[in-house]
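Student: First, the structure itself, so that you have it in front of you.
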Amino acid sequence: MSENTPTLFAQRFRGFFPVVIDVETAGFNNNTDALLEIAATTLKMDENGVLSLDQTVHFHIEPFEGANIEAAAIEFNGIDPFSPLRGAVPEADAIKEICKAVRKAQKAAGCQRSVVVAHNAAFDHGFLNAAIERNNIKRTPFHPFVSFDTTSLAGLALGQTVLAKACRAAGIDFDNSQAHSALYDTERTAELYCYIVNKWQALGGWPLPNEQHDTQQSEAPDAE
């Protein structure tokens, strides 16, 4: 492969590098409610174009100054935001470390921009974007609005939209007792995303005919 030839990974998603994200929060409002936990899983692709999990970065996060904490949200996810046993770090430190790890993996994959993959992606992407803006983080690898939603993909591919049910339909073990942990949910979502992408390829849906494929590659990934 020449220096100017896109990698197989870059060809698959038009230069985008999918990064699977999950967050646990103290509410639904990404501008006012605390981000309490975040995990990000990067992916790798073999010489046959098959996706699999690569590395996961995970942080418990201290509520930002003035953050709102909804009692119902804490009861649901079982997180004590102020427990010293969490080993929580400042929000800015967590986001910067995730951006650093993602940039490194994105470069290694030969991609130009990272895109969030999540289950009900608008929620997780919204909290990630709010944290990036709140902490004035300028060097971020993530596209500000493009995302891949495994809820929609699972509904299409498996007839299921709930993460646990979609995973089971795909033959992926899912332990409900570990759910609502950002680390656990991120890695199960990543397995689900890989399953759907790989299944689509195995069924003959990828690669596209050469003329369509070449047209796609001529477009810049930031053109949205």
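Residue numbers (this note's numbering): 75 to 298.
The beta-carbon is built from N, C-alpha and C at its ideal position, and this holds for glycine as well.
Nothing here was measured: the structure is a model prediction, and the numbers come from that model.
Quick check on this structure: which residue in Gly279, Ala276, Leu266 has the alpha carbon closest to the alpha carbon of serine 126?
Tutor: Working through the sequence shown from its first residue, we reach residue 126 at position 52. Checking every option, the nearest Cα to that of serine 126 belongs to Leu266.
Student: Does the beta carbon of lysine 212 come closer than 8 Å to any beta carbon on chain B?
Tutor: Checking the listed chains, one finds no chain B in this structure; it contains a single protein chain.
Student: If you draw a straight line from the alpha carbon of alanine 297 to that of glutamine 129, how long is it in whole angstroms?
Tutor: Within the sequence shown, residue 297 is the residue found at index 223, counting from 1. Within the sequence shown, residue 129 is the residue found at index 55, counting from 1. Unreliable placement is indicated for alanine 297, whose pLDDT of 48 sits below 50; the coordinate value is still reported in the next sentence. When rounded, the distance between both Cα atoms is 28 Å.
Student: Taking buried to mean at least 16 other C-beta atoms within 10 Å of its own C-beta, is proline 92 buried or exposed?
Tutor: Taking the first residue of the sequence shown as position 1, residue 92 is located at position 18. Counting Cβ neighbours within 10 Å, proline 92 comes out buried, since at least 16 surround it.
Student: In chain order, what residues of the same chain lie with their CB nearer than 7 Å to the CB of histidine 199, ignoring the 5 residues before and after it?
Tutor: As a first step, residue 199 must be located in the sequence shown, where it is residue number 125. Correct list, in chain order: Val190, Ala192, Ser221.
Student: Between threonine 225 and alanine 231, what straight-line distance do the alpha-carbon atoms span, to the nearest angstrom?
Tutor: Looking up residue 225 in the sequence shown gives position 151. Looking up residue 231 in the sequence shown gives position 157. The straight-line gap from Cα to Cα measures roughly 10 Å.
Student: Going by alpha carbons, who is nearest to aspartate 167 out of Trp280, Ile95, Glu111, Ser188?
Tutor: Taking the sequence shown and counting its residues from 1, the one referred to as residue 167 is at position 93. Closest option to aspartate 167, Cα to Cα, is Glu111.
Student: With a CB to CB cut of under 6 Å and the five nearest residues on each side skipped, what residues in its chain are close to glutamine 234?
Tutor: The residue labelled residue 234 in the question sits at position 160 within the sequence shown. The residues are Ala228, Ala240, Ala243.
Student: Could you give the distance in angstroms between the alpha-carbon of alanine 276 and the alpha-carbon of alanine 253?
Tutor: Taking the sequence shown and counting its residues from 1, one reaches residue 276 at position 202. Taking the sequence shown and counting its residues from 1, one reaches residue 253 at position 179. Looking at the two C-alpha atoms, the distance is approximately 29 Å.
Student: Assuming histidine 132 and alanine 113 form a contact by the criterion Cβ under 8 Å, report the distance between their Cβ atoms to the nearest whole angstrom.
Tutor: Against the sequence shown, residue 132 aligns to sequence position 58. Against the sequence shown, residue 113 aligns to sequence position 39. Confirmed, Cβ separation roughly 4 Å.
Student: Would you call the stretch 138–158 and the stretch 171–181 touching, i.e. three or more CB-CB distances under 8 Å?
Tutor: As far as the Cβ criterion goes, the stretch 138–158 does not touch the stretch 171–181, which means the pair count is below three.
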